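Q: Protein chains in written order, with our numbering: chain A, 504 to 738; chain B, 504 to 738.
Even glycine gets a Cβ: it sits at the ideal position worked out from N, Cα and C.
Because the structure is a prediction, the values reported are computed rather than measured.
Please see the structure below; I have some questions.
2 protein chains.
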Amino acid sequence: MNHGYSQFCPVAKATELLCERWTLIVIRELVAGGRHFNELRRGLPRMSPTLLARRLRQLVEYGVVTKHPERGGQQAYALTQSGLELAPLIEALGIWGHRWVGSRLQDGDLDAGLLMWDIRRGVDGSCMPEGRIVVTVELHDAPEGMRQWWLVCDDGAVDLCLEDPGHEVDILVQSPLRVLTEVWVCHTSLQSALDSGALRVLGSEALTRVFSRWFVGSSIARAGAASLLTNPIAA
Amino acid sequence: MNHGYSQFCPVAKATELLCERWTLIVIRELVAGGRHFNELRRGLPRMSPTLLARRLRQLVEYGVVTKHPERGGQQAYALTQSGLELAPLIEALGIWGHRWVGSRLQDGDLDAGLLMWDIRRGVDGSCMPEGRIVVTVELHDAPEGMRQWWLVCDDGAVDLCLEDPGHEVDILVQSPLRVLTEVWVCHTSLQSALDSGALRVLGSEALTRVFSRWFVGSSIARAGAASLLTNPIAA
DNA sequence: CTGCATCCGACGCGATACTG
DNA sequence: CAGTATCGCGTCGGATGCAG
Numbered sequence: 504m505n506h507g508y509s510q511f512c513p514v515a516k517a518t519e520l521l522c523e524r525w526t527l528i529v530i531r532e533l534v535a536g537g538r539h540f541n542e543l544r545r546g547l548p549r550m551s552p553t554l555l556a557r558r559l560r561q562l563v564e565y566g567v568v569t570k571h572p573e574r575g576g577q578q579a580y581a582l583t584q585s586g587l588e589l590a591p592l593i594e595a596l597g598i599w600g601h602r603w604v605g606s607r608l609q610d611g612d613l614d615a616g617l618l619m620w621d622i623r624r625g626v627d628g629s630c631m632p633e634g635r636i637v638v639t640v641e642l643h644d645a646p647e648g649m650r651q652w653w654l655v656c657d658d659g660a661v662d663l664c665l666e667d668p669g670h671e672v673d674i675l676v677q678s679p680l681r682v683l684t685e686v687w688v689c690h691t692s693l694q695s696a697l698d699s700g701a702l703r704v705l706g707s708e709a710l711t712r713v714f715s716r717w718f719v720g721s722s723i724a725r726a727g728a729a730s731l732l733t734n735p736i737a738a
Numbered sequence: 504m505n506h507g508y509s510q511f512c513p514v515a516k517a518t519e520l521l522c523e524r525w526t527l528i529v530i531r532e533l534v535a536g537g538r539h540f541n542e543l544r545r546g547l548p549r550m551s552p553t554l555l556a557r558r559l560r561q562l563v564e565y566g567v568v569t570k571h572p573e574r575g576g577q578q579a580y581a582l583t584q585s586g587l588e589l590a591p592l593i594e595a596l597g598i599w600g601h602r603w604v605g606s607r608l609q610d611g612d613l614d615a616g617l618l619m620w621d622i623r624r625g626v627d628g629s630c631m632p633e634g635r636i637v638v639t640v641e642l643h644d645a646p647e648g649m650r651q652w653w654l655v656c657d658d659g660a661v662d663l664c665l666e667d668p669g670h671e672v673d674i675l676v677q678s679p680l681r682v683l684t685e686v687w688v689c690h691t692s693l694q695s696a697l698d699s700g701a702l703r704v705l706g707s708e709a710l711t712r713v714f715s716r717w718f719v720g721s722s723i724a725r726a727g728a729a730s731l732l733t734n735p736i737a738a
């Protein structure tokens, strides 16, 4: 017996491929726009490169992902049609997870680097005014070396730095890691985090108002929160 | 590190629970109506009872399944609200699997006992005329002892036997295991299997005509085939 | 018969280090 | 940057046993 289920059922055949450890998380990264090996790794900090390589190879083999070389020796991964059709499935899984296991965030699930990486690609750049806006995030209880971050927004594009890029800071965010994470995954509203005083946003009034529209939460979490509104949990 | 992903993303949290080995297949069995431990086992012939017990315990712990004793010392498992909300997800997974990995049926995926068990609960009993109808299935290339089956239909209910119940046979089906499986999962149409001569349905003309409406294929495979019609794979 | 618990062997996985 | 090499451990599968 290999790793299969020895079942003809289409659910079992799909599960054989998709529900091996890490596979769906890798696909989530690809759906979110990851293209290169080490770019994917940033969204998968606890996955060993060996296993990521193996999973990508499997996905290519099953026709879910393509891999082709770019100039400079880089390899570019992309979802095929069959992979793109997994996007609604990932979203449904996220909605279910948000609704039913979202409150089970253990301390071990908190990760400052992962959070900031997800924020970098998830904020709504179209909200920001023209020109360069620098947002500093201070996570005072994060591990040493992961406490201060800079998000440099320039015409919709966002850069993430762990070292001071030297620009003037426009918005300063201060929060415990857990609070910022819970706001980002739409488990707590930004407003209630502000009201409680756990999270602070400092800057000009105009910019702090923009912040609340810019910092909307990860797209998957937003979908989960939206489905909660239309379909509340029965008491 | 335990078995988690150390990620706050709702997809990762859902995956931690749902995408462990066998978990989704167990839920599929519950969605399909399985209630008791050994009833579930019939749909999971390659899963060890130890692991099934462990998975059920996990699902109860996460509030996806409830377990309560019935008269006679039996335990009844049932999906909670959160478990019921996984049904569309399972279906979507089945549709994807049918579309993209359905043709990857290896010989090891064929299982006469599992097929007949799935047929037993998947046929459309409402098509059958009043009174008792006995359908015999002969899978001549199945393993010794799994070659002849009786489906006794009585007012919508269907009984599956591996030994001759002694009634008169109304419909006789003869087929290789692979052909009947592929028809059941809607990978081959019943008509083309009949035309090729691989599959034979013997009996009165009226009953063999009923058979084609009765033997419609597993519900998950039907959903997959239907989605193929409305959304064909681009060439 | 149902619903597990226990033991053991195999292998998938994680961590770390290293290479073209 | 994009992986491969190696090794130890944990989890899974299979067989067996057993209580209600």
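Could you name the residues of the same chain whose beta carbon sits closer than 7 angstroms to that of Gly659/B, not counting the 5 residues immediately before and after it, in chain order?
A: The residues are Gly628 and Ser629.
Q: So Ile674/A is in the beta strand (DSSP E); what residue range does that whole segment cover?
A: Residues Ile674 to Ser678.
Q: Could you tell me the alpha carbon to alpha carbon distance between Glu523/B and Met619/B, rounded to whole angstroms?
A: Taking the straight line from one Cα to the other gives about 27 angstroms.
Q: Consult DSSP for Asp610/A and reduce its assignment to one of helix, strand or coil.
A: In the structure shown, Asp610/A sits in a helix (DSSP, three-state: H, G or I).
Q: Using the C-alpha atoms, what's the distance from Ile530/A back to Thr583/A?
A: Taking the straight line joining both Cα atoms gives about 11 angstroms.
Q: Pick helix, strand or coil for Glu739/B, following the three-state DSSP scheme.
A: Look at the range of chain B in this structure, 504 to 738, and you will see that residue 739/B is not part of it.
Q: Just mark Ala729/A as buried or exposed, buried being the case when its beta carbon has 16 or more other beta carbons within 10 Å.
A: Exposed: under 16 other Cβ atoms inside 10 Å.
Q: Considering only DSSP beta bridges, list what Thr639/B is partnered with.
A: Paired residue(s): Trp653/B and Leu675/B.
Q: In its own chain, which residues sit with a C-beta less than 7 angstroms from the C-beta of Met504/B, not counting the 5 before and 5 after it?
A: With a pLDDT of only 49 at Met504/B, under 50, the local geometry of the prediction cannot be trusted, and the value read off the model is given with reservation. None.
Q: Please work out which residues of its chain come closer than 6 angstroms, Cβ to Cβ, to Leu562/B, disregarding the five sequence neighbours upstream and downstream, and give them in chain order.
A: Contacts found: Val568.
Q: Quick check: the stretch 628–642 of chain B against the stretch 588–595 of chain B, are at least 3 beta-carbon pairs closer than 8 angstroms?
A: The stretch 588–595 of chain B is not in contact with the stretch 628–642 of chain B.
Q: Kindly indicate the opening and closing residues of the beta strand (DSSP E) around Ala660/B.
A: Ala660 to Cys664 is the extent of the beta strand (DSSP E) around Ala660/B.
Q: Taking just the CA atoms, how far does Trp603/A sit from Gly566/B?
A: Whole-angstrom Cα-Cα distance: 9 angstroms.
Q: Rounded to the nearest angstrom, what separates Val686/A and Leu521/B at their Cα positions?
A: Cα-Cα distance, rounded: 25 angstroms.
Q: Just the Cα atoms here: how many angstroms apart are Trp717/A and Glu532/B?
A: Using only the alpha carbons, I get a separation of about 44 angstroms.
Q: Three or more C-beta pairs closer than 8 angstroms, one from the stretch 668–677 of chain A and one from the stretch 691–708 of chain A: is that the case here?
A: The stretch 668–677 of chain A is in contact with the stretch 691–708 of chain A.
Q: Rounded to a whole number of angstroms, what is the C-alpha to C-alpha distance between Glu671/A and Leu663/A?
A: Roughly 15 angstroms between the two C-alpha positions.
Q: Consult DSSP for Gly706/B and reduce its assignment to one of helix, strand or coil.
A: Note: Gly706/B maps to strand in three-state DSSP.
Q: Quick one: what does DSSP say Ala579/A is sitting in, helix, strand or coil?
A: Here Ala579/A sits in strand by DSSP.
Q: Apply the 10 Å Cβ neighbour rule to Glu519/A and answer buried if 16 or more other Cβ atoms are within range, or exposed otherwise.
A: By the 10 Å Cβ count, Glu519/A comes out buried.
Q: Suppose contacts are defined by Cβ-Cβ distances below 8 angstroms. Is Leu697/A in contact with Gln510/B by that definition?
A: Against a cut-off of 8 angstroms, the Cβ pair of Gln510/B and Leu697/A comes out as no contact.
Q: So, for Ala615/A: in the same chain, excluding its five sequence neighbours on each side, which residues have a beta-carbon less than 6 angstroms away from its beta-carbon?
A: Result list for Ala615/A: Leu642, Ala645, Met649 and Leu680, in chain order.
Q: Can you tell me whether Gly536/A is buried or exposed, with buried defined as 16 or more other CB within 10 angstroms of its CB?
A: Result: exposed.
Q: Using a beta-carbon distance cut-off of less than 7 angstroms, what residues from the stretch 676–710 of chain A approach chain B?
A: So the list reads Thr684 and Val688, given in the order they occur along the chain.
Q: Which chain A residues sit within Cβ distance under 7 angstroms of Lys570/B?
A: None at all; the shortest Cβ gap to chain A is about 18 angstroms.
Q: What are the residues of the stretch 504–525 of chain A that lie near chain B, defined by any Cβ-Cβ distance shorter than 9 angstroms?
A: Here the close residues are Met504, Asn505, His506, Gly507, Tyr508, Ser509, Gln510, Phe511, Cys512, Pro513, Val514, Ala515, Lys516, Ala517, Thr518, Glu519, Leu520, Leu521, Cys522, Glu523, Arg524 and Trp525.
Q: Does any residue of chain A bring its CB to less than 8 angstroms from the CB of Tyr565/B?
A: Closer than 8 angstroms to some Cβ of chain A, the Cβ of Tyr565/B qualifies, so yes.
Q: Can you find the residues in the same chain that come closer than 8 angstroms, C-beta to C-beta, to Arg624/A, ignoring five residues on each side of it along the sequence?
A: Closer than 8 angstroms at the Cβ level, and outside the excluded window around Arg624/A, lie Ala535, Gly536 and Val661.
Q: Looking at chain A, is there any beta carbon in it that lies within less than 8 angstroms of the beta carbon of Ala738/B?
A: Legend: pLDDT at Ala738/B = 45, less than 50; position of this residue unreliable, value from coordinates given subsequently. No, Ala738/B does not count as interfacial toward chain A.
Q: Strictly below 9 angstroms CB to CB, what residues from chain A border Ile674/B?
A: Going along chain A, no residue has its Cβ under 9 angstroms from Ile674/B, so there is no contact; the nearest lies around 22 angstroms.
Q: In the DSSP assignment, the beta strand (DSSP E) including Thr569/A goes from what residue to what residue?
A: Per DSSP, Thr569/A belongs to the beta strand (DSSP E) from Val568 to Pro572.
Q: Note down, in chain order, every chain A residue with its Cβ under 8 angstroms from the Cβ of Pro591/B.
A: In chain order: Ala595.
Q: Along the chain, where does the alpha helix (DSSP H) that runs through Asp621/A open and close?
A: Ala615 to Gly625 is the extent of the alpha helix (DSSP H) around Asp621/A.
Q: Just reading off the alpha helix (DSSP H) that Ala696/B is part of, what are its end residues?
A: Segment Leu693 to Ser699, the alpha helix (DSSP H) holding Ala696/B.
Q: Evaluate His506/A with the Cβ neighbour count: other Cβ atoms within 10 Å of its Cβ, from every protein chain shown; 16 or more gives buried, anything less gives exposed.
A: With fewer than 16 other Cβ atoms within 10 Å, it is exposed.
Q: Under 8 angstroms Cβ to Cβ from Leu555/A, same chain only, skipping five residues before and after it: list those, please.
A: Around Leu555/A: Trp525, Val529, Phe540, Leu543, Arg544 and Leu547.
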